[in-house]
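So the protein lines, in turn, are chains A and B.
In terms of the numbering used here, the first sequence opens at residue 1 and continues consecutively.
In terms of the numbering used here, the second sequence opens at residue 434 and continues consecutively.
Just below is one structure, and these are the notes that go with it.
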Amino acid sequence: MTEDLKAADRVLRLPPRFPAPRAWWICFGFALSLLALFFISVGWLFGHGPGIWGNNIPVGWGFPIANYVWWLGIGHAGTLISAMLLLLGQDWRNSLNRFAEAMTLFAVSCAGLYPILHLGRPWLFYWMAPYFNTMNVWPQFKSPLTWDFFAVLTYLIVSVLFWYIGIIPDLAAARDRAAKMRWKIFFGLGALGWRGQATHWARWQQAYRLTAAIAVPLVVSVHSEISLLFAAGPVPGWVSTVFPPYFVLGAAFSGFAMVSMLTVWLRWMLDLHALVTPRHLDMLGCLLLSTGMMTAYGYAAEMFSAAYAGGKEAETLFDRFGGPYAWSYWGAIFFNFIPLQLLWWRRLRVTPIVLFLIGCSATAGMWMERYMLLVSSLYRDWLESSTGYFHATFWDWGLFLGTIGLFLTLFLLFVRFLPVISAFEVREEAADG
Amino acid sequence: MADSGPIFAVLAVFDTPRRLLDAARAIRAQGFRNVDAFTPFPVKGLEQALDLSDRRVPAAMLIGGIVGAASGFLMQVGTSFDYPLRIGGRPLVAVPAFMMIAFELMVLGAVLAALATMFISNRLPRLHHPVFDADGFDLSADDRFYLAILADAQFDRDEAGKALAALNPDAIIDVRARPRA
Chain A
1 MTEDLKAADR VLRLPPRFPA PRAWWICFGF ALSLLALFFI SVGWLFGHGP GIWGNNIPVG
61 WGFPIANYVW WLGIGHAGTL ISAMLLLLGQ DWRNSLNRFA EAMTLFAVSC AGLYPILHLG
121 RPWLFYWMAP YFNTMNVWPQ FKSPLTWDFF AVLTYLIVSV LFWYIGIIPD LAAARDRAAK
181 MRWKIFFGLG ALGWRGQATH WARWQQAYRL TAAIAVPLVV SVHSEISLLF AAGPVPGWVS
241 TVFPPYFVLG AAFSGFAMVS MLTVWLRWML DLHALVTPRH LDMLGCLLLS TGMMTAYGYA
301 AEMFSAAYAG GKEAETLFDR FGGPYAWSYW GAIFFNFIPL QLLWWRRLRV TPIVLFLIGC
361 SATAGMWMER YMLLVSSLYR DWLESSTGYF HATFWDWGLF LGTIGLFLTL FLLFVRFLPV
421 ISAFEVREEA ADG
Chain B
434 MADSGPIFAV LAVFDTPRRL LDAARAIRAQ GFRNVDAFTP FPVKGLEQAL DLSDRRVPAA
494 MLIGGIVGAA SGFLMQVGTS FDYPLRIGGR PLVAVPAFMM IAFELMVLGA VLAALATMFI
554 SNRLPRLHHP VFDADGFDLS ADDRFYLAIL ADAQFDRDEA GKALAALNPD AIIDVRARPR
614 A
């Protein structure tokens with residue numbers, strides 16, 4: 001039995017014989033306390049309305065939309081790691097794709113909640129959907145807001161299905177491996193009666209690979225549409241053809257940063273060193289560095305097109321450099337691109353703590369970028385009457401930390417109860433090699 | 434109980450994918466038609482060895498994508514006439530603006546159709562299957578790859594068992610369906 005097979009076998013046994021119950025409970029307790037903050041913030045919001053937040057005219061889109069874009073961007077990396085690298089035949093992805101896809105699901109769930117909570121009358125969110133109604137009205141299909149509804153809904157459904165059909169074979173193996181009846185029933189129900197029949201595998205592989213093939217352009221389309229929320233409006237600082245690719249790359253960058261953090265954390269907590277090797281950290285570091293440098297190119301292109309356009313575009317640009325929200329611009333530049341340069345050295349890429357900290361830095365930097373893009377474009381018009389500063393309130397921060405709690409709670413439950421690494425693909429690769 | 438029902442299949446157990454592949458080719462060459470295999474992960478080449486060519490999933494995906502895109506586009510056109518929003522003299526049917534939702538619904542239609550076809554043609558989900566009663570059937574083991582001759586009208590247990598035994602497997606297992614209560 002090779003090392004890989006032993007490690008894959010261990011993955012299937014992780015949930016019934018969890019190796020780090022204490023570390024898990026400490027993390028879970030922390031996550032639950034943030035989740036409590038989430039419920040309190042949402043409850044307070046339902047009682048008092050969006051006036052509890054700092055966003056007000058002219059900055060109508062404060063934290064909710066910035067955080068929505070941030071969470072959704074993080075989600076995209078899971079799909080890219082899983083689907084793109086599967087199609088490219090990069091077998092090393094097998095150690096990362098399962099939990100990266102789980103990250104996608106939970107990040108997209110957090111993202112999807114934000115626009116709904118931002119509605120003011122969140123119980124009417126279904127008005128976004130086209131359905132026959134007594135008011136005889138239909139959604140405005142020429143609006144990026146409506147495109148977004150379809151994009152995020154499709155993305156969520158496709159991500160859930162892709163993740164689930166990917167985990168079915170491992171649930172079946174975990175079912176056959178489990179000793180206790182309750183685990184057999186739990187995995188058995190999840191496995192849907194999978195028995196590894198050759199005819200089933202043939203159809204399963206067709207379905208899995210084709211879904212992967214269509215998931216990659218889906219990611220590009222979803223985040224391009226997010227960018228059109230901004231780029232389709234005639235607002236200096238937003239209306240730019242650079243936005244769609246710039247947003248997609250930034251999304252991939254922030255997502256790879258999150259995947260790097262989760263990888264280092266899970267590798268340490270669950271002792272996955274046999275499957276998540278220095279090579280994986282190295283590859284993640286390379287992905288982070290390359291998408292980060294592409295994002296930097298996006299910054300340069302955006303700067304150039306604003307300066308080239310001149311006029312109000314350039315005024316907004318210079319206001320970002322030196323205006324009241326300059327901290328968010330320079331913060332984004334610093335946290336995104338300065339620590340990132342350490343990843344040029346392989347020795348630093350394979351040092352877990354360095355990769356983790358650079359991941360933290362990039363997620364913080366990308367958050368600042370979304371904040372900067374939103375607020376600096378909206379807070380000042382060219383009329384004195386339409387100037388208003390944005391200040392985040394306690395409830396803004398409460399809900400933001402609360403969604404982090406929601407994400408961590410769901411992710412920790414996934415880690416505790418399901419196979420975190422795609423064991424059957426590791427075994428398939430080991431059999432080939 | 435496992436021995437009491439009508440026979441469902443005979444399994445031969447091999448310890449490597451390579452031996453399973455050789456056995457599958459040999460048993461096909463002997464003229465057995467209703468041959469299948471059970472493996473813990475997809476084995477490369479098994480599809481060709483067992484001569485499985487089912488193109489229903491890709492076909493369903495194509496149809497689902499076309500239906501999704503067309504219905505997405507037509508939905509936007511139809512509702513624009515039903516509830517016209519005449520803003521700034523722009524055309525009611527704005528093809529570029531309608532492409533986004535048409536694309537998303539194409540993806541959704543394609544994926545749903547492909548996965549639904551996969552599940553339906555695999556007859557999944559199901560709660561039970563006769564092979565789960567077979568002694569030692571275990572998808573988590575790394576040295577158990579099962580070649581199966583499934584029972585049909587011309588099935589003869591002894592003939593199938595002999596043919597499989599000639600391939601020198603690690604074990605031969607009879608799989609019986611549960612008797613009807």
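Backbone N, C-alpha and C fix where the C-beta goes; we use that ideal spot for every residue, glycine too.
Using 8 Å for Cβ pairs, my map puts residue i next to residue j. What's the rounded Cβ distance?
{"i": "Ala-66 of chain A", "j": "Ala-100 of chain A", "result": "Wrong, their Cβ atoms sit about 23 Å apart, outside the cutoff."}
{"i": "Pro-420 of chain B", "j": "Gln-205 of chain A", "result": "Only positions 434 to 614 of chain B appear in the structure, and residue 420 of chain B is not among them; the question remains open."}
{"i": "Val-152 of chain A", "j": "Val-220 of chain A", "result": "About 14 Å separates the two Cβ atoms, so there is no contact after all."}
{"i": "Glu-369 of chain A", "j": "Ala-332 of chain A", "result": "4 Å"}
{"i": "Ser-240 of chain A", "j": "Ser-305 of chain A", "result": "6 Å"}
{"i": "Gly-505 of chain B", "j": "Leu-538 of chain B", "result": "3 Å"}
{"i": "Leu-408 of chain A", "j": "Leu-34 of chain A", "result": "7 Å"}
{"i": "Ile-165 of chain A", "j": "Ala-207 of chain A", "result": "7 Å"}
Which two residues bound the contiguous beta strand (DSSP E) that contains residue i?
{"i": "Ala-610 of chain B", "result": "Run containing Ala-610 of chain B: none; DSSP gives neither H nor E here."}
{"i": "Ala-445 of chain B", "result": "440-447"}
{"i": "Ile-582 of chain B", "result": "578-583"}
Do residue i and residue j have their CB atoms nearer than 8 Å?
{"i": "Arg-177 of chain A", "j": "Arg-13 of chain A", "result": "yes"}
{"i": "Ala-596 of chain B", "j": "Gln-463 of chain B", "result": "yes"}
{"i": "Arg-54 of chain A", "j": "Asp-381 of chain A", "result": "The residue asked about is misnamed: residue 54 of chain A is Gly in this sequence, not Arg. No, the pair does not count as a contact, with Cβ atoms beyond the cut-off."}
{"i": "Asp-9 of chain A", "j": "Ala-430 of chain A", "result": "no"}
{"i": "Pro-169 of chain A", "j": "Gly-193 of chain A", "result": "no"}
{"i": "Ala-457 of chain B", "j": "Val-468 of chain B", "result": "yes"}
{"i": "Pro-58 of chain A", "j": "His-118 of chain A", "result": "no"}
{"i": "Val-420 of chain A", "j": "Arg-98 of chain A", "result": "yes"}
{"i": "Asn-94 of chain A", "j": "Ser-422 of chain A", "result": "yes"}
{"i": "Pro-339 of chain A", "j": "Ile-358 of chain A", "result": "yes"}
{"i": "Leu-156 of chain A", "j": "Gly-120 of chain A", "result": "no"}
{"i": "Phe-441 of chain B", "j": "Leu-580 of chain B", "result": "no"}
{"i": "Met-533 of chain B", "j": "Glu-225 of chain A", "result": "yes"}
{"i": "Leu-495 of chain B", "j": "Ala-470 of chain B", "result": "no"}
{"i": "Gly-73 of chain A", "j": "Gly-250 of chain A", "result": "yes"}
{"i": "Cys-110 of chain A", "j": "Trp-147 of chain A", "result": "no"}
{"i": "Arg-320 of chain A", "j": "Tyr-329 of chain A", "result": "yes"}
{"i": "Thr-362 of chain A", "j": "Ser-254 of chain A", "result": "The sequence as given places Ala at residue 362 of chain A; Thr does not occur at that position. Result yes, Cβ atoms of Ala-362 of chain A and Ser-254 of chain A sit closer than 8 Å."}
{"i": "Leu-86 of chain A", "j": "Ala-212 of chain A", "result": "yes"}
{"i": "Tyr-126 of chain A", "j": "Pro-64 of chain A", "result": "no"}
{"i": "Ala-102 of chain A", "j": "Gly-405 of chain A", "result": "no"}
{"i": "Ser-376 of chain A", "j": "Tyr-325 of chain A", "result": "yes"}
Could you tell me which of the options sits nearest to residue i, measuring between CA atoms?
{"i": "Leu-287 of chain A", "options": "A:Ile-157, A:Phe-356, A:Ser-260 and A:Gly-237", "result": "A:Ser-260"}
{"i": "Phe-18 of chain A", "options": "A:Leu-124, A:Arg-209, A:Phe-417 and A:Leu-317", "result": "A:Phe-417"}
{"i": "Val-160 of chain A", "options": "A:Val-108, A:Leu-348, A:Tyr-126 and A:Leu-192", "result": "A:Val-108"}
{"i": "Leu-80 of chain A", "options": "A:Ala-36, A:Lys-6 and A:Trp-163", "result": "A:Trp-163"}
{"i": "Val-500 of chain B", "options": "B:Gly-569, B:Ile-582, B:Arg-611 and B:Val-544", "result": "B:Val-544"}
{"i": "Val-490 of chain B", "options": "B:Ile-440, B:Ala-547, B:Phe-531 and B:Pro-529", "result": "B:Ala-547"}
{"i": "Ile-605 of chain B", "options": "B:Ala-567, B:Leu-518 and B:Met-551", "result": "B:Ala-567"}
{"i": "Gly-188 of chain A", "options": "B:Ser-573, B:Tyr-579, B:Gln-481 and B:Asp-589", "result": "B:Ser-573"}
{"i": "Leu-383 of chain A", "options": "A:Thr-351, A:Lys-312 and A:Phe-243", "result": "A:Lys-312"}
{"i": "Arg-590 of chain B", "options": "B:Asp-575, B:Val-608, B:Pro-602 and B:Ala-549", "result": "B:Val-608"}
{"i": "Leu-229 of chain A", "options": "A:Phe-149, A:Ser-305 and A:Gly-43", "result": "A:Phe-149"}
{"i": "Ala-20 of chain A", "options": "A:Met-293, A:Met-269, A:Leu-401 and A:Arg-349", "result": "A:Met-269"}
{"i": "Leu-45 of chain A", "options": "A:Tyr-389, A:Trp-123, A:Leu-96 and A:Val-264", "result": "A:Trp-123"}
{"i": "Arg-466 of chain B", "options": "B:Ala-482, B:Val-528 and B:Val-540", "result": "B:Ala-482"}
{"i": "Ala-301 of chain A", "options": "A:Pro-278, A:Val-248, A:Val-242 and A:Phe-335", "result": "A:Val-242"}
What are the boundary residues of the alpha helix (DSSP H) that includes residue i?
{"i": "Leu-541 of chain B", "result": "528-554"}
{"i": "Thr-363 of chain A", "result": "352-378"}
{"i": "Val-276 of chain A", "result": "Note, Val-276 of chain A: premise wrong, no alpha helix (DSSP H); not H, not E."}
{"i": "Pro-144 of chain A", "result": "144-177"}
{"i": "Trp-438 of chain A", "result": "The question about residue 438 of chain A has no answer here: the residues shown for chain A are numbered 1 through 433."}
{"i": "Ala-593 of chain B", "result": "590-598"}
{"i": "Thr-409 of chain A", "result": "394-417"}
{"i": "Ile-421 of chain A", "result": "Premise fails: Ile-421 of chain A is in no alpha helix (DSSP H) and is neither H nor E."}
{"i": "Leu-5 of chain A", "result": "3-13"}
{"i": "Ala-326 of chain A", "result": "326-337"}
{"i": "Glu-315 of chain A", "result": "311-322"}
{"i": "Arg-195 of chain A", "result": "No alpha helix (DSSP H) holds Arg-195 of chain A; DSSP gives it neither H nor E."}
{"i": "Leu-348 of chain A", "result": "346-349"}
Would you verify that the beta carbon of residue i is, or is not, closer than 8 Å to some beta carbon of chain D?
{"i": "Val-108 of chain A", "result": "The displayed structure is made up of protein chains A and B, and chain D is not among them."}
Just to confirm the assignment: which complete beta strand (DSSP E) runs, minimum length 3, are found wholly within the segment 17-58 of chain A? none
Going along the chain, which unbroken runs of the alpha helix (DSSP H) with 4 or more residues stay wholly within the segment 462-521 of chain B?
479-482 and 489-515
Q. In the segment 214-269 of chain A, which residue ranges form an unbroken alpha helix (DSSP H) of at least 4 residues, counting only runs that do not cross its ends?
A. Counting whole runs of 4 or more residues, the segment 214-269 of chain A contains the alpha helix (DSSP H) stretches 243-269.
Can you check the segment 55-102 of chain A for any alpha helix (DSSP H) of at least 4 residues that lies completely inside it and give the ranges in chain order?
-> The qualifying runs are 63-79.
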